[in-house]
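Enquirer: Just so you know, we're using the working numbering here: the sequence shown kicks off at 8 and counts up by one. Ideal Cβ placement from N, Cα and C applies to all residues, glycine included. Here you go, one structure.
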Amino acid sequence: MIRVLLADDQPLIRAGFRALLEMAGDVTVVAEAGNGGEAVELCRALLPDVALLDVRMPLLDGIQAMRRIGADPELDSVRVVILTNYALDEYLFAALRAGASGFLVKDIEPADLLQSVRVAANGEALLSPSVTRRLIEEYVSTPPRPVPGPGLERLTDREREVLSLVATGMSNEEIAGHLSISHATVKTHVSRTMAKLGARDRAQLVVHAYESGLVTPGRR
8 MIRVLLADDQ PLIRAGFRAL LEMAGDVTVV AEAGNGGEAV ELCRALLPDV ALLDVRMPLL
68 DGIQAMRRIG ADPELDSVRV VILTNYALDE YLFAALRAGA SGFLVKDIEP ADLLQSVRVA
128 ANGEALLSPS VTRRLIEEYV STPPRPVPGP GLERLTDRER EVLSLVATGM SNEEIAGHLS
188 ISHATVKTHV SRTMAKLGAR DRAQLVVHAY ESGLVTPGRR
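This is how it looks when you write it as C-alpha cells:
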C-alpha cells in the first residue's frame, strides 16, 4: 500500500482527494492536515510515502512545509507533491527548487492523480515529458541569470549531454534513440547525474540545467 498524507485547508477538497485515492485499492490516506505546520509534524510521526501539499495554506504554506520536510534527514523517504489551482504559477519553480517531486493542478483527472502518486512513491519523475516541455516554455520566457550549480563540473561530457536532453523534455527512450545508446545506459547516466547534482528527481534536473546555463533559450 502507498501511504499518503493530504494537506489542504479546505476539508471538502481533502475529502474529495481521499475518496479518489482510496478507490484505487493500493493507496491509503494515513492522515489529513489543515495547514503546513500540521503536515510537517504528521510526516515526522507517520513517515508517509507521499505528501500531497496544497501550495496555499495558513500558518505555513506548502512551499515552506516542503522545505522543512526536505531539510529533515529523517524524512528523506517522503516524496512531496505540491497541489495548486493553477497549471503554471509563481510557485512552480520555488517548489521544484525546494525539492518537490512534482506539481499537480487540482482539477487533474482521477486516473492521472493516481498515476502521479504511484510515480512519486516510486521515486521517479512525476512530470511527464509533455508537462516538462510546457514548464520549460514558461520558464525560459523570463530565465534568471545563469549561476553555475555545485556538482556541474563533476559531470562527464556524456552526462552533460544527457542532462541537456532531459531539460528539453525528452524521455529516456527518446534520449536513447537520439544518442543511439540503450535505455539502460540512459537511465544510468540520469541516475549518476542526479547523484552528482544532489537532485531528488528529474524535475530538479531541469531546474539545474537552466539555472546553471547549461541549457538556454533557443538551444532546444
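With a cut-off of 8 Å, do at least 3 Cβ pairs link the stretch 176-184 to the stretch 54-71?
Expert: no
Enquirer: Do L67 and I76 have their C-beta atoms closer together than 8 Å?
Expert: One thing to note: L67 has its Cβ no nearer than 8 Å to the Cβ of I76.
Enquirer: Indicate the three-state DSSP secondary structure (helix, strand or coil) for R75 in the structure shown.
Expert: helix
Enquirer: Looking at C-alpha atoms only, which residue of L221, I20, T35, Q17 is the closest neighbour of N125?
Expert: One detail in the question is off: residue 125 reads as Arg in this sequence, not Asn. Looking at the Cα atoms, T35 is the closest of the given residues.
Enquirer: Just verifying my parser: in three-state terms, what is the DSSP assignment at L221?
Expert: coil
Enquirer: Quick one: measure Cβ to Cβ for A107 and I89, integer angstroms, because I've assumed they're closer than 8 Å.
Expert: 5 Å
Enquirer: Should A191 go down as buried or exposed, given a rule of 16 or more other Cβ atoms within 10 Å for buried?
Expert: exposed
Enquirer: Taking Cβ positions, are A216 and L186 nearer each other than 8 Å?
Expert: Between A216 and L186, the C-beta spacing is not below 8 Å.
Enquirer: Which class does E116 belong to by DSSP, given the choice of helix, strand or coil?
Expert: coil
Enquirer: With distance defined between alpha-carbon atoms, name the residue in C50, F24, R51, D16 nearest to R63.
Expert: Nearest of C50, F24, R51, D16 to R63, Cα basis: D16.
Enquirer: Who are L54's beta bridge partners in DSSP?
Expert: L54 pairs with nothing; no bridge assigned.
Enquirer: Just checking my contact of R86 with G130 at CB under 8 Å: how many whole Å lie between their CB atoms?
Expert: 7 Å
Enquirer: Look at L12 and C50 and say whether their C-beta atoms are less than 8 Å apart.
Expert: yes
Enquirer: Work out the CA separation of R209 and V173 for me, nearest whole Å.
Expert: 8 Å
Enquirer: For V34, which three-state DSSP category applies?
Expert: Of the three classes helix, strand and coil, the one that applies to V34 here is strand, per DSSP.
Enquirer: Take the Cβ of E218 as the centre, count every other Cβ of all protein chains shown within 10 Å, and call the residue buried at 16 or more, exposed below.
Expert: buried
Enquirer: Do you know how far the Cα of S123 is from the Cα of S135?
Expert: Annotation note: pLDDT 49 at S135 (below 50); position unreliable, coordinate value reported separately. Their backbone Cα atoms lie some 10 Å apart in a straight line.
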